[in-house]
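Student:
Chains as they are written, first to last, in my numbering: chain D, 57 to 390; chain W, 57 to 390.
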């Protein structure tokens, strides 16, 4: 399409603001509004909240319905949560209007896992309305799901998929340092993790997306987490972690198929991590091993992954879409 | 689709035979016939030519029209040449019937470069008939085009794309060792290359596909080749190369956009190459560097790339398709 794509931003926290700043840099987008439930933001200008005074028209509305009375976006960028069920609920009014929604919601990478009924219902709704919804990001969304699937594209057979990611959390934003348990007693962090209140979200979804793409019917998917314990005092911009306390996590997800195929992902995110990198290794014909030096940096890349998917999602069929369903074009700015 | 996909093979040389053997391993395909212009093959069984006696029904026909009288494939796998114009001409009758064609034709990766008018005409024809055609492979088709585009998916901005591939040609089939000039006087090989009769085909197409995906308008694309000269006597299964004669090629393709973006690919394919690998490096935010240890092995992977694209192409819209247009699902055997 030669006209600009009209975009609204749902959620104006740090990630949402970063999304707005990236959208504003791209010539193919027009930012028409923002949505945030915080009363303090309602009525403000998106540009004022995001440090972009030139965005003088786009306002922040408390709900999609309020915004829709004033402006009509083509696309909503959703960066307001990790849970598939809640995201579907939040996005239903937009999808009913036939809009496209790209979300950083981790569980939305493979929503049939945690929200099977809702996925079917929303998919049906979208096919009627012309709406589309897609979950993406760097992890989940790229390093341990899309990239391995891309690599299998040149394989005659694949026996197993292994991926590992080591992230130096010292360079990351406060919410990430918090979710990896920084400064907590290891037992306390383990308890929070087992209650689903901390740790890396969307890990099973990465595994299930790869399995789905390969047509593998997996058995039980096991997910485990061990706190990483500081062997020296660590000081970040946001946390002070004494030796012996939690400085990060080591999370593992694994599964085997009845036919013996296996998928195994290993994630370490911790403060002062040495040798951050991403690695994907396929036991396959031909064998493939891809090493990403330094790894794909988080936050900034996550926002890019979301924004870059807008034209890709618009090119796909209506429905609940997966990253492996949409075309793999890059973004098109010139 | 739950029924098997009916596939015919166009071209029954070594690559076509390898394609048949891979198709036969996959439960989702049914091989219904072959097409080859060689009179000696006409009327034979595909299975007999490919060493698969269990394939007792599929015959080899001299033309698509002859085959169409007897069997009706959904898809044709085309492995019969490198030139876009000739491939379009060969595939036109199939596309008129609304079939999908996946081809290893190098120029078909970005056919608008060498066959702009034909690309428009065939695309128009396909949109009417429901036909689809796609060119793919490992190189071109994956290492220096699809993979870099995939990696840009998590970038906020991209300034340059660099890729290098070092292939140890000693482990490859005879036609590849021939096309890299093995055993020729360097001058003689350079002459053949400059006449388009030897060397790596589809290199400019890789660059142009990446540029297209990124929305970059490139200036002149320059392609150069220097023969690699043997520094010792080399003996392969197929060639004897004395010291001082050509043992391979070093081919480079480069371009810049008016806005200063650049793409640069460097390919070395030679006998007894040390440290074969693939590398993609993006000057981008965030920066990305992907190293594929050993590189993606050629011939067997090329056939896999082609066969794996069948369900991907069937999921895409009718028309002349690019690798960046089709969804990135892997193959689905279980």
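Ideal Cβ placement from N, Cα and C applies to all residues, glycine included.
#1: From the beta carbon of residue 389 of chain D, is the nearest beta carbon of chain W less than 8 Å away?
#2: I need the DSSP call for residue 356 of chain W, collapsed to helix, strand or coil.
#3: Alpha carbon to alpha carbon, what distance is there between residue 255 of chain D and residue 166 of chain W?
#4: If you check the beta carbons only, do residue 305 of chain W and residue 237 of chain W fall under 8 Å apart?
#5: Figure out for me which residue from D:156, D:116 and D:80 has the closest Cα to the Cα of residue 100 of chain D.
#6: Can you find the residues in the same chain that come closer than 6 Å, C-beta to C-beta, to residue 57 of chain W, ignoring five residues on each side of it along the sequence?
#7: With a threshold of 8 Å between beta-carbons, can residue 347 of chain D be considered close to chain W, or not?
#8: Given a cut-off of 8 Å on the beta-carbon distance, is the pair residue 157 of chain D and residue 189 of chain D in contact?
#9: Name the DSSP beta bridge partners of residue 345 of chain D, please?
#10: In whole angstroms, what separates the C-alpha of residue 292 of chain W from that of residue 263 of chain D?
#11: Quick check: what's the CA-CA separation for residue 363 of chain D versus residue 204 of chain D?
#12: Can you tell me the Cα-Cα spacing of residue 78 of chain D and residue 114 of chain W, whole angstroms?
#13: Just to confirm, is the Cβ distance from residue 317 of chain D to residue 226 of chain D under 8 Å?
#14: Going along chain D in order, which residues have a C-beta closer than 8 Å to the C-beta of residue 78 of chain W?
#15: Between residue 133 of chain D and residue 63 of chain D, is the Cβ-Cβ spacing less than 8 Å?
#16: Applying a beta-carbon distance threshold of less than 7 Å, which residues of chain D neighbour residue 341 of chain W?
#17: Using a Cβ-Cβ distance cut-off of 8 Å, determine whether residue 223 of chain D contacts chain W.
#18: So residue 174 of chain D is in the alpha helix (DSSP H); what residue range does that whole segment cover?
#19: Does the beta carbon of residue 206 of chain D sit closer than 8 Å to a beta carbon anywhere in chain W?
#20: Who are the neighbours of residue 383 of chain D on chain W, taking C-beta pairs under 7 Å?
#21: On the DSSP bridge list, what partners appear for residue 159 of chain D?
#22: If distances are taken between C-alpha atoms only, which option among D:231, D:182 and D:320 comes closest to residue 294 of chain D?
#23: Could you tell me which of D:287, D:309 and D:307 sits nearest to residue 299 of chain D, measuring between CA atoms?
#24: Taking 8 Å as the threshold (C-beta atoms), are residue 161 of chain W and residue 140 of chain W in contact?
#25: Buried or exposed for residue 138 of chain D, going by 16 or more other Cβ atoms inside 10 Å?
#26: Hey, could you find the ends of the beta strand (DSSP E) residue 146 of chain D is sitting in?
#27: Are residue 199 of chain W and residue 338 of chain W touching if we call contact CB-CB under 8 Å?
#28: Would residue 103 of chain W and residue 97 of chain W qualify as a contact pair, given that the criterion is a beta-carbon distance under 8 Å?
#29: Go to residue 73 of chain D, then tell me how far its beta strand (DSSP E) extends in each direction, as first and last residue.
#30: Using a Cβ cut-off of 8 Å (strictly closer), state whether residue 87 of chain W contacts chain D.
#31: Excluding the 5 residues flanking residue 196 of chain D on each side, which residues of the same chain have their C-beta closer than 6 Å to its C-beta?
#32: Leaving aside the five residues before and after residue 360 of chain W along the sequence, list all residues of the same chain whose C-beta is less than 7 Å from its C-beta, in chain order.
#33: I need the straight-line Cα distance from residue 378 of chain D to residue 270 of chain W, nearest angstrom please.
#34: What would DSSP say about residue 64 of chain D, mapped onto helix, strand or coil?
#35: Under 7 Å Cβ to Cβ from residue 388 of chain W, same chain only, skipping five residues before and after it: list those, please.
#36: Taking only three categories from DSSP, how would you classify residue 254 of chain D?
Tutor: Checking against the coordinates, here is how it stands:
#1: Taking the first residue of the first chain as position 1, residue 389 of chain D is located at position 333. Residue placement at residue 389 of chain D is flagged as unreliable, the pLDDT there being 41, under the threshold of 50; a coordinate-derived value is accordingly withheld.
#2: Here residue 356 of chain W refers to the residue found at position 300 of the second chain. Looking at residue 356 of chain W - three-state DSSP - the assignment turns out to be helix.
#3: Here residue 166 of chain W corresponds to residue number 110 of the second chain, with the count starting at 1. Here residue 255 of chain D corresponds to residue number 199 of the first chain, with the count starting at 1. If you take the alpha carbons of residue 166 of chain W and residue 255 of chain D, they lie about 44 Å apart.
#4: If you number the second chain from 1, residue 305 of chain W lands on position 249. If you number the second chain from 1, residue 237 of chain W lands on position 181. Closer than 8 Å, so yes.
#5: For the purposes of this step, residue 100 of chain D is identified with residue 44 of the first chain, where counting begins at 1. The option with the nearest alpha carbon to residue 100 of chain D is D:116.
#6: Taking the first residue of the second chain as 1, we reach residue 57 of chain W at position 1. For residue 57 of chain W, the predicted model reports a pLDDT of 47, less than 50, meaning its position is unreliable and no value from the coordinates is stated.
#7: Translated into the one-based positions of the first chain, residue 347 of chain D becomes position 291. Under the Cβ criterion of 8 Å, residue 347 of chain D is counted among the residues facing chain W.
#8: Along the first chain, one-based indexing puts residue 157 of chain D at 101. Along the first chain, one-based indexing puts residue 189 of chain D at 133. Yes.
#9: Here the question's residue 345 of chain D lines up with position 289 in the first chain. DSSP, once it has assigned bridges, lists D:337 as partnering residue 345 of chain D.
#10: Residue numbering aside, residue 292 of chain W sits at position 236 when the second chain is read from its first letter. Residue numbering aside, residue 263 of chain D sits at position 207 when the first chain is read from its first letter. Distance between the alpha carbons of residue 292 of chain W and residue 263 of chain D: 43 Å.
#11: Translated into the one-based positions of the first chain, residue 363 of chain D becomes position 307. Translated into the one-based positions of the first chain, residue 204 of chain D becomes position 148. Cα to Cα, the separation comes out at about 21 Å.
#12: For the purposes of this step, residue 78 of chain D is taken as the residue at position 22 of the first chain. For the purposes of this step, residue 114 of chain W is taken as the residue at position 58 of the second chain. Taking the straight line joining both Cα atoms gives about 55 Å.
#13: Numbered from its first residue, the first chain carries residue 317 of chain D at position 261. Numbered from its first residue, the first chain carries residue 226 of chain D at position 170. No, the pair does not count as a contact, with Cβ atoms beyond the cut-off.
#14: What you label residue 78 of chain W is simply residue 22 of the second chain in a count that begins at 1. Neighbours of residue 78 of chain W on chain D, chain order: 212.
#15: Counting from one through the first chain, the residue named residue 133 of chain D turns up at place 77. Counting from one through the first chain, the residue named residue 63 of chain D turns up at place 7. The answer is yes: Cβ separation under 8 Å.
#16: In the second chain, counting from the first residue as 1, residue 341 of chain W sits at position 285. Chain D residues near residue 341 of chain W: 356.
#17: By one-based count along the first chain, residue 223 of chain D stands at place 167. For residue 223 of chain D, the answer is no, since every Cβ of chain W falls outside 8 Å of its Cβ.
#18: In the first chain, residue 174 of chain D corresponds to position 118, counting from 1. Here the alpha helix (DSSP H) through residue 174 of chain D covers 172 to 185.
#19: Within the first chain, the letter at position 150 stands for residue 206 of chain D. Yes, its Cβ sits closer than 8 Å to a Cβ of chain W.
#20: Taking the first chain and counting its residues from 1, one reaches residue 383 of chain D at position 327. Those are 380, 381, 382 and 383, listed as they occur along chain W.
#21: Indexing the first chain from 1 puts residue 159 of chain D at position 103. According to DSSP, residue 159 of chain D bridges with D:134 and D:191.
#22: The sequence position of residue 294 of chain D within the first chain is 238, counting from 1. Distance check between residue 294 of chain D and each of D:231, D:182 and D:320 places D:231 closest, using alpha-carbon atoms only.
#23: Position 243 of the first chain, counted from the first residue, corresponds to residue 299 of chain D. Checked all of D:287, D:309 and D:307; the closest Cα to residue 299 of chain D is D:287.
#24: If you number the second chain from 1, residue 140 of chain W lands on position 84. If you number the second chain from 1, residue 161 of chain W lands on position 105. In this structure, residue 161 of chain W lies closer than 8 Å to residue 140 of chain W by Cβ.
#25: Counting from one through the first chain, the residue named residue 138 of chain D turns up at place 82. Only buried fits residue 138 of chain D, as 16 or more other CB atoms lie within 10 angstroms of its CB.
#26: Locating residue 146 of chain D in the first chain gives position 90, where the first residue counts as 1. Boundaries for residue 146 of chain D: no beta strand (DSSP E) harbours it, while the alpha helix (DSSP H) harbouring it runs 140 to 152, taken from the DSSP string.
#27: As a first step, residue 199 of chain W is located in the second chain; it is residue number 143 there, counting from the start. As a first step, residue 338 of chain W is located in the second chain; it is residue number 282 there, counting from the start. No, they are not a contact pair.
#28: Walking along the second chain from the start, residue 103 of chain W turns up at place 47. Walking along the second chain from the start, residue 97 of chain W turns up at place 41. No, they are not a contact pair.
#29: On the first chain, residue 73 of chain D is found 17 positions in, with the first residue counted as 1. If you look at residue 73 of chain D, you'll find it isn't in any beta strand (DSSP E); it sits in the alpha helix (DSSP H) that goes 70 to 81.
#30: The residue labelled residue 87 of chain W in the question sits at position 31 within the second chain. Taking Cβ atoms only, chain D never reaches closer than 8 Å to residue 87 of chain W, which makes this a no.
#31: Within the first chain, numbered from 1, the residue matching residue 196 of chain D stands at position 140. Closer than 6 Å at Cβ, skipping near neighbours: 162, 165, 258, 261 and 262.
#32: Residue numbering aside, residue 360 of chain W sits at position 304 when the second chain is read from its first letter. Answer for residue 360 of chain W: 78, listed in chain order.
#33: On the first chain, residue 378 of chain D is found 322 positions in, with the first residue counted as 1. On the second chain, residue 270 of chain W is found 214 positions in, with the first residue counted as 1. Near 22 Å, if we compare the C-alpha coordinates of residue 270 of chain W and residue 378 of chain D.
#34: The count along the first chain starts at 1 and reaches residue 64 of chain D at position 8. Strand, per DSSP.
#35: Within the second chain, the letter at position 332 stands for residue 388 of chain W. A caution first: residue 388 of chain W carries a pLDDT of 49, below 50, which makes its placement in the model too unreliable to give a value.
#36: Within the first chain, the letter at position 198 stands for residue 254 of chain D. Coil at residue 254 of chain D, not helix or strand.
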